[in-house]
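Peer 1: In the UniProt record's numbering, the protein residues as written are 1 to 458. This is the structure I want to talk about, given as structure tokens.
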Amino acid sequence: MIINDAELSELIKNSKAPTEKELNKILLKAKKLNGLNKDEVLSLLNVEDEKQLEQIYSTAKFIKEEIYGNRMVLFAPLYISNLCSNECLYCAFRVSNKSLVRRALPQEEIEKEVIELLKQGHKRILLVAGESYPGGGLKYIFDSIDTVYKTKWNGQNIRRVNVNIAPLTEEEFKELSKHNIGTFQLFQETYHKPTYSGLHIAGQKKNFEFRLNAMDRALKNGIHDVGIGILFGLYDYKFEVMAMLEHISHLEKTYGIGPHTISVPRIEPADGSDLSLKPPYQLSDLEFKKVLAILRIAVPYTGIILSTRENSQMRTAAIEMGVSQMSAGSKTNPGGYEEGSAGAQFSLGDHRTLEQVILDLVKHNHVPSFCTGCYRLGRVGKDFMDLAKPGLIKHHCLPNAIFTFAEYLHDFAGEELKQKGFALIEKTVNEEIKDENLKKLALKNLHDIKNGKRDIYL
């Protein structure tokens with residue numbers, strides 16, 4: 001059993017906030033970058049004192065910068081279909097929602113969507129589909145991945161495709177692994193089984209265990225990196241965080257690696273869903289920031305993803321809470337980048353363009369990154385974790401982030417962003433790259449990028 005509901009609920013019931021002395025001890029341990037045990041995490045989840053919360057936030061920021069540096073990975077979701085056979089009470093895609101305009105994009109329209117993303121400057125895509133596929137089933141997904149990779153515009157191309165699709169069987173994961181994806185992403189939605197059963201009332205998604213065990217099947221059948229997530233607002237956030245950490249512990253013990261990413265969406269209004277308008281366990285902004293920071297502290301090596309469900313103010317605040325990846329300029333309906341009319345999965349909170357998001361990151365001294373070097377050099381799975389856990393990955397990722405950002409500035413940025421962006425690159429190279437040989441190489445590569453060379457990575 002991966003998660004024992006009764007045992008976890010009892011543990012939460014009997015927990016309490018730490019004393020100042022206990023908090024300092026926990027946070028001092030956290031700064032060694034080895035994570036925390038479940039009792040320590042639960043103590044942090046019970047913190048409500050403003051001063052103690054600030055200590056947690058600053059520790060999360062320290063850990064994020066120690067492991068990842070001052071970079072922020074950017075990507076865009078690409079919704080190719082909103083067809084779905086499931087009945088999830090919080091989601092606009094659910095099968096009974098007759099008011100939703102349904103579409104599954106043909107390959108030529110997927111190509112047009114990719115071109116629109118390339119025109120913005122994107123290099124990383126998360127391919128998303130409802131859990132039902134037209135025509136040949138999974139072949140539609142495989143063909144779509146291939147279309148994304150082969151699409152070109154003005155010398156630009158998508159360099160990495162991650163996927164968020166339905167859980168697969170072992171044989172299906174073997175087939176998926178042949179299509180050069182980055183991370184397979186799947187959200188459990190809620191780890192509380194009674195709540196899960198009450199919210200997923202029809203379709204394959206009713207099967208809690210099949211979904212929970214998807215990461216095991218993936219890692220055993222050729223998928224190197226997996227991403228997990230919770231939809232906050234369906235059940236008590238303390239239970240959800242603790243249960244997710246139990247899931248992570250199971251993966252680490254069984255396969256020697258945890259998730260490559262954790263996603264932390266909160267419920268947003270969805271077409272025709274009364275539950276989405278009044279979530280049963282609404283997570284406040286304060287609780288949400290606490291969760292972000294505690295996840296960074298508890299699982300320091302894992303990328304934490306924040307979507308455009310959140311508004312711009314929260315996303316800016318989250319920069320300081322340990323978030324390391326963000327979507328930007330997102331659309332959540334098939335054909336959305338070409339202003340398609342198909343229905344969206346949920347409402348967006350951040351409507352800024354990619355360039356506006358980047359400008360905000362730069363103003364907060366974060367280097368936007370479109371890096372895909374680790375995937376393409378085979379630094380995935382355990383190889384990535386072996387570098388991430390001791391904080392060594394930033395020696396690869398920070399230079400690569402700088403190179404991809406410089407590409408973006410030369411190819412897409414307006415004058416204000418160019419000025420501020422190149423100033424941040426110069427500052428980062430001089431202050432953050434300590435190794436002189438690496439600094440010389442970085443300066444050479446930046447010179448080559450200025451002269452037209454592209455796709456440089458270490």
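Don't be surprised by glycine CBs; every beta carbon is placed ideally from N, CA and C.
Hey, E48 and A6 are a contact pair by Cβ (cut 8 Å); roughly how many whole angstroms apart?
Peer 2: 26 Å between Cβ atoms; not a contact.
Peer 1: Report the start-end ranges of each beta strand (DSSP E) in the segment 114-168 that is 3 residues or longer and not cut off at the edges.
Peer 2: The segment 114-168 contains these whole beta strand (DSSP E) runs: 124-129 and 160-164.
Peer 1: Within 10 angstroms of its Cβ, does L292 collect 16 or more other Cβ (buried), or is it exposed?
Peer 2: Buried, since its Cβ has 16 or more Cβ neighbours within 10 Å.
Peer 1: Have a look at I3, I228 and I248 and flag the residue whose alpha-carbon is nearest the alpha-carbon of E209.
Peer 2: If we check each option's Cα against that of E209, I3 comes out closest.
Peer 1: Taking P334 and N82 to be in contact with their CB atoms under 8 Å, please state how far apart those CB atoms are, rounded to whole angstroms.
Peer 2: Correct: roughly 6 Å between the Cβ atoms.
Peer 1: The alpha helix (DSSP H) spanning M242 covers which residue range?
Peer 2: Where M242 is concerned, the enclosing alpha helix (DSSP H) stretches over Y237 to Y255.
Peer 1: So, under 8 Å CB-CB, L78 and L127 are touching, yes? Tell me the CB distance rounded to an integer number of Å.
Peer 2: At roughly 5 Å, the Cβ-Cβ gap stays under 8 Å, so L78 and L127 are in contact.
Peer 1: For G378, which of helix, strand or coil comes out of DSSP?
Peer 2: The answer is coil: DSSP assigns G378 none of H, G, I, E or B.
Peer 1: In the structure shown, what three-state DSSP assignment does G336 receive?
Peer 2: G336: helix per DSSP, three-state reduction.
Peer 1: Using CA atoms only, rank isn't needed, just tell me which of Q156, F173 and T372 is closest to L186.
Peer 2: Ranking Q156, F173 and T372 by Cα distance to L186 puts F173 first.
Peer 1: Within 10 angstroms of the Cβ of T169, are there 16 or more other Cβ atoms? Answer buried if so, exposed if not.
Peer 2: By the 10 Å Cβ count, T169 comes out exposed.
Peer 1: Give a yes or no on whether the C-beta atoms belonging to L283 and Y237 are separated by under 8 Å.
Peer 2: The answer is yes: Cβ separation under 8 Å.
Peer 1: Determine whether the beta carbon atoms of residue 461 and I267 lie at a separation below 8 Å.
Peer 2: One cannot answer for residue 461 here, as it falls past the ends of the chain, which runs 1 to 458.
Peer 1: Spell out the partners DSSP gives P106 in its beta bridges.
Peer 2: DSSP lists no partner for P106.
Peer 1: Following the continuous alpha helix (DSSP H) through L361, name the residue where it begins and the one where it ends.
Peer 2: Looking at the DSSP string, the run of the alpha helix (DSSP H) that includes L361 is L354 to K363.
Peer 1: Alpha carbon to alpha carbon, how far is I433 from N445?
Peer 2: If I take the Cα positions, the gap works out to 14 Å.
Peer 1: Mapping DSSP to helix, strand and coil, what is S177?
Peer 2: Note: S177 maps to helix in three-state DSSP.
Peer 1: Round the Cβ separation of F405 and P368 to the nearest angstrom and send it over; I've been treating them as touching at under 8 Å.
Peer 2: Indeed, because the Cβ distance is near 5 Å, the residues count as touching under 8 Å.
Peer 1: Classify M244: buried if its beta carbon has 16 or more other beta carbons within 10 angstroms, exposed otherwise.
Peer 2: M244 comes out buried.
Peer 1: Considering G414, what are the terminal residues of the alpha helix (DSSP H) in which it resides?
Peer 2: Per DSSP, G414 belongs to no alpha helix (DSSP H) and is neither H nor E.
Peer 1: What does E432 pair with, by DSSP beta-bridge criteria?
Peer 2: Answer by DSSP bridge pairing: none, since E432 is not bridged.
Peer 1: Provide the residue span of the beta strand (DSSP E) that contains A76, from first to last.
Peer 2: From DSSP, the beta strand (DSSP E) with A76 extends over R71 to S81.
Peer 1: What are the start and end residues of the alpha helix (DSSP H) that includes L9?
Peer 2: For the sequence presented, residue 9 should be read as Ser rather than Leu. That run of the alpha helix (DSSP H) goes D5 to K13.
Peer 1: Which residue marks the beginning of the beta strand (DSSP E) containing S263, and which one marks its end?
Peer 2: T261 to S263 is the span of the beta strand (DSSP E), which, as asked, contains S263.
Peer 1: Counting along the chain, where does the alpha helix (DSSP H) carrying D350 start and finish?
Peer 2: No alpha helix (DSSP H) holds D350; DSSP gives it neither H nor E.
Peer 1: Can you list, in chain order, the residues of its chain with a C-beta nearer than 8 Å to that of C397? Leave out the 5 residues immediately preceding and following it.
Peer 2: Excluding sequence neighbours, C397 sits near Y68, G69, R71, S369, C371, G373 and C374.
Peer 1: For D448, which of helix, strand or coil comes out of DSSP?
Peer 2: Residue state, collapsed to three classes: helix.
Peer 1: Are the Cβ atoms of P265 and L231 separated by less than 8 Å?
Peer 2: Cβ distance < 8 Å, so P265 and L231 count as in contact.
Peer 1: Does DSSP put M326 in a helix, in a strand, or in coil?
Peer 2: It is a strand residue.
Peer 1: Within 10 angstroms of its Cβ, does A423 collect 16 or more other Cβ (buried), or is it exposed?
Peer 2: Exposed.
Peer 1: Going by DSSP in three states, F184 sits in which element: helix, strand or coil?
Peer 2: In this structure, F184 counts as strand in the three-state DSSP scheme.
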